[in-house]
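Trainee: Take this structure first; my questions come after.
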Amino acid sequence: MTILCETEGVRLDAFLAARDLGLSRSALQKLLEDGAVRVDGRPVKKNYKTRLGDAIEIEIPEPEPPEILPEDIPLDIRYEDGDVIVLNKPKGLVVHPAPGHWSGTLVNGLMYHCRDSLSGINGVLRPGIVHRIDMDTSGLLIVAKNDFAHQALAEQLKDHTLSRVYEAVCVGNIRADSGTIDAPIGRHPVDRKRMAVTEKNSRPAVTHFEVIGRYPGYTHLRLRLETGRTHQIRVHLAWQNHPILGDPVYGRGKELGLASQCLHARELTFLHPRTGEPVTVSCELPEYFTEILRKLGAPAG
Numbered sequence: 278m279t280i281l282c283e284t285e286g287v288r289l290d291a292f293l294a295a296r297d298l299g300l301s302r303s304a305l306q307k308l309l310e311d312g313a314v315r316v317d318g319r320p321v322k323k324n325y326k327t328r329l330g331d332a333i334e335i336e337i338p339e340p341e342p343p344e345i346l347p348e349d350i351p352l353d354i355r356y357e358d359g360d361v362i363v364l365n366k367p368k369g370l371v372v373h374p375a376p377g378h379w380s381g382t383l384v385n386g387l388m389y390h391c392r393d394s395l396s397g398i399n400g401v402l403r404p405g406i407v408h409r410i411d412m413d414t415s416g417l418l419i420v421a422k423n424d425f426a427h428q429a430l431a432e433q434l435k436d437h438t439l440s441r442v443y444e445a446v447c448v449g450n451i452r453a454d455s456g457t458i459d460a461p462i463g464r465h466p467v468d469r470k471r472m473a474v475t476e477k478n479s480r481p482a483v484t485h486f487e488v489i490g491r492y493p494g495y496t497h498l499r500l501r502l503e504t505g506r507t508h509q510i511r512v513h514l515a516w517q518n519h520p521i522l523g524d525p526v527y528g529r530g531k532e533l534g535l536a537s538q539c540l541h542a543r544e545l546t547f548l549h550p551r552t553g554e555p556v557t558v559s560c561e562l563p564e565y566f567t568e569i570l571r572k573l574g575a576p577a578g
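Below, the structure written as structure tokens:
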């Protein structure tokens, strides 16, 4: 970062503290002490007095994440061997540590359960994580216990031989019994925290769907991902004017007592990285999902 000085005779630490740099005064003083602040290419002390036209260069180091620690978090394991582990993630559980969620994540629980047996390809914050699902999406997630398995599973994601099947309840009545949504997804042009169907800076995205049941104002769907873009199912259904029930970002928000999306990853099929044999893992619908179906009038069972 380089700032061109337009102020004369001000102490450098005070000058920088008055700028909106997102750093405390003590942090700025430490940067000065460490020689990370230069004026016209030369390190200076914090009591340096500014001059008009000074080119002030600041090297702001990347923040170091806190140490990620193992935690004894209950895990619903549906398949496990020496190479892979498949878990049924509950709604509300964050997959990996990130700002605001440095502990209590699925990764913390995996580190406790697997000890040192997790692949390191995705670094210290995402050990073993081959793909992720949103915090408020429930269901199956596959994790690699070593780099060999991770690379094999990543290739399957790339060539679509790793199959992921979801169930969702969406708003409105979908007339077709089945179909395919083929529309590219990229960052929303205005809200960078959201994704959108767009031709600009996007990647191909394909979602196949099949109607399981229809209810007044809602449709129960089975969906298969051909690609795996961020928020893909949520974005595709919202683009079709059938957002997922309860989706706070792409839909109408809290509805029928549900404050987050009614979306569950129900089945995973992959080729075992060691044997090449197909493995299919499935799980039941969680209680929140079956309660929604009951409210809609679905028959018991």
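Note that this note's numbering has the sequence shown beginning at 278, numbered continuously upward.
Ideal placement from N, C-alpha and C gives every residue a C-beta, glycine not left out.
1. Could you pull the DSSP bridge partners for R501 from this structure?
2. So C447 and L562 are in contact, right, with Cβ under 8 Å, and what is the actual spacing, rounded?
3. Could you have a look at G386 and say whether DSSP puts it in helix, strand or coil?
4. What's the call for G386, buried or exposed, on a 16-neighbour Cβ count within 10 Å?
5. Would you mind reading off the limits of the alpha helix (DSSP H) that contains Y356?
6. Which word fits G405, buried or exposed, when buried means at least 16 other C-beta atoms lie within 10 angstroms of its C-beta?
7. Do you know offhand how far R403's Cα is from A460's?
8. Which of the three DSSP states, helix, strand or coil, is assigned to T327?
9. Rounded to whole angstroms, what's the CA-CA distance from L329 to T284? Just pull it up for me.
10. For C447, which residues does DSSP report across the bridge?
11. Under the criterion of a Cβ to heavy atom distance below 7 Å, does I354 qualify as lining the ligand PLP?
12. With distances taken from CA atoms, which of K531, L533, L540 is nearest L498?
13. With distances taken Cα to Cα, identify the nearest neighbour of I568 among H485, G534, P493.
14. Determine, using beta carbons only, whether K323 and L289 come nearer to each other than 8 Å.
15. Below 8 Å on the Cβ atoms is my contact criterion, and I expect K366 with C391 to pass it. Report the Cβ-Cβ distance as a whole number of Å.
16. So, under 8 Å CB-CB, F425 and P550 are touching, yes? Tell me the CB distance rounded to an integer number of Å.
17. Considering just the uninterrupted stretch of the beta strand (DSSP E) at E568, what are its terminal residues?
18. By DSSP, does K435 sit in helix, in strand, or in coil?
19. What does R288 pair with, by DSSP beta-bridge criteria?
20. DSSP puts N365 in a beta bridge; with which residues?
21. When DSSP builds the beta bridges, which residues end up paired with H427?
22. Under the assumption that I462 contacts R441 (Cβ atoms under 8 Å), give the Cβ distance between them as a whole number of angstroms.
23. For the putative contact between L500 and H519, defined by C-beta atoms under 8 Å, what is the C-beta separation to the nearest angstrom?
24. Using alpha carbons as the reference points, say which of M412, R355, S396 lies closest to P374.
25. Can you tell which of A473, G530, E444 has its C-alpha closest to the C-alpha of F566?
26. Considering only residues of the same chain and omitting the five flanking positions on each side of G490, which have a CB-CB separation below 7 Å?
27. What does the alpha-carbon distance come out to for the pair T475 and D436?
28. Looking at the unbroken alpha helix (DSSP H) that takes in L514, where does it start and where does it end?
29. What number of angstroms, rounded off, separates the C-alpha of H465 from the C-alpha of T507?
30. Where do the N-terminal and C-terminal ends of the beta strand (DSSP E) with T475 fall, by residue?
Mentor: The relevant details are as follows:
1. Counting from one through the sequence shown, the residue named residue 501 turns up at place 224. DSSP lists V442, H485 as partners of R501.
2. Start at 1 with the first residue of the sequence shown, and residue 447 comes out as number 170. Start at 1 with the first residue of the sequence shown, and residue 562 comes out as number 285. Not quite, the Cβ-Cβ distance comes to about 15 Å (not below 8 Å), so this is no contact.
3. For the purposes of this step, residue 386 is taken as residue 109 along the sequence shown, with counting starting at 1. Residue state, collapsed to three classes: helix.
4. Within the sequence shown, the letter at position 109 stands for residue 386. It counts as buried.
5. For the purposes of this step, residue 356 is identified with residue 79 of the sequence shown, where counting begins at 1. Looking at the DSSP string, Y356 is not in any alpha helix (DSSP H); the run it does join, the beta strand (DSSP E), is 354-357.
6. Within the sequence shown, the letter at position 128 stands for residue 405. Sixteen is the threshold: when 16 or more other Cβ atoms of the shown chains lie within 10 Å of the Cβ of G405, as they do, the residue is buried.
7. Position 126 of the sequence shown, counting from 1, holds the residue named residue 403. Position 183 of the sequence shown, counting from 1, holds the residue named residue 460. The C-alpha of A460 is placed about 29 Å away from the C-alpha of R403.
8. Residue 327 sits at position 50 when you count from the first residue of the sequence shown. The answer is coil: DSSP assigns T327 none of H, G, I, E or B.
9. Along the sequence shown, read from residue 1 onward, the residue named residue 329 stands at position 52. Along the sequence shown, read from residue 1 onward, the residue named residue 284 stands at position 7. Their backbone Cα atoms lie some 6 Å apart in a straight line.
10. By one-based count along the sequence shown, residue 447 stands at place 170. Answer is T496, I521.
11. Of ligands this structure carries none, so the ligand PLP is not represented either.
12. Within the sequence shown, numbered from 1, the residue matching residue 498 stands at position 221. The shortest Cα separation from L498 among K531, L533, L540 belongs to L540.
13. Numbered from its first residue, the sequence shown carries residue 568 at position 291. In the sequence as displayed, the identity of residue 568 is Glu instead of Ile. Closest by alpha carbon: G534.
14. Position 46 of the sequence shown, counted from the first residue, corresponds to residue 323. Position 12 of the sequence shown, counted from the first residue, corresponds to residue 289. For K323 and L289, yes; Cβs fall inside 8 Å.
15. Indexing the sequence shown from 1 puts residue 366 at position 89. Indexing the sequence shown from 1 puts residue 391 at position 114. Rounded to the nearest angstrom, the Cβ distance from K366 to C391 is 15 Å, too far for a contact under 8 Å.
16. For this step, residue 425 is matched to residue 148 along the sequence shown. For this step, residue 550 is matched to residue 273 along the sequence shown. Their Cβ separation, rounded to whole angstroms, is 6 Å, which keeps F425 and P550 in contact under 8 Å.
17. In the sequence shown, the residue the question calls residue 568 occupies position 291. Unbroken run through E568 is the alpha helix (DSSP H), 564-573; no beta strand (DSSP E).
18. Counting from one through the sequence shown, the residue named residue 435 turns up at place 158. If DSSP states are grouped into helix, strand and coil, K435 belongs with the helices.
19. The residue given as residue 288 occupies position 11 in the sequence shown. DSSP, once it has assigned bridges, lists K326 as partnering R288.
20. For the purposes of this step, residue 365 is taken as the residue at position 88 of the sequence shown. For N365, which the question treats as bridged, DSSP gives the partners L417.
21. Within the sequence shown, the letter at position 150 stands for residue 427. Partner(s): none; H427 has no beta bridge.
22. As a working mapping, residue 462 is identified with position 185 in the sequence shown. As a working mapping, residue 441 is identified with position 164 in the sequence shown. Not quite, the Cβ-Cβ distance comes to about 16 Å (not below 8 Å), so this is no contact.
23. By one-based count along the sequence shown, residue 500 stands at place 223. By one-based count along the sequence shown, residue 519 stands at place 242. Rounded, the Cβ-Cβ distance is 11 Å, inconsistent with contact.
24. Within the sequence shown, the letter at position 97 stands for residue 374. Ranking the options by Cα distance to P374, first place goes to M412.
25. Sequence index remark: in the sequence shown, residue 566 carries index 289 (1-based). Closest option to F566, Cα to Cα, is E444.
26. By one-based count along the sequence shown, residue 490 stands at place 213. The beta carbon of G490 sits closer than 7 Å to those of H497, A575, all from its chain and outside the five residues before and after it, given in chain order.
27. For the purposes of this step, residue 475 is taken as residue 198 along the sequence shown, with counting starting at 1. For the purposes of this step, residue 436 is taken as residue 159 along the sequence shown, with counting starting at 1. One C-alpha to the other measures close to 23 Å.
28. Your numbering for residue 514 matches position 237 in the sequence shown. Judged by DSSP secondary structure, L514 falls within the alpha helix (DSSP H) whose first and last residues are 509-516.
29. Stepping through the sequence shown from its first residue, residue 465 is reached at position 188. Stepping through the sequence shown from its first residue, residue 507 is reached at position 230. C-alpha separation (whole angstroms): 12 Å.
30. Counting from 1 along the sequence shown, the entry for residue 475 is found at position 198. From DSSP, T475 is part of no beta strand (DSSP E); its letter is neither H nor E.
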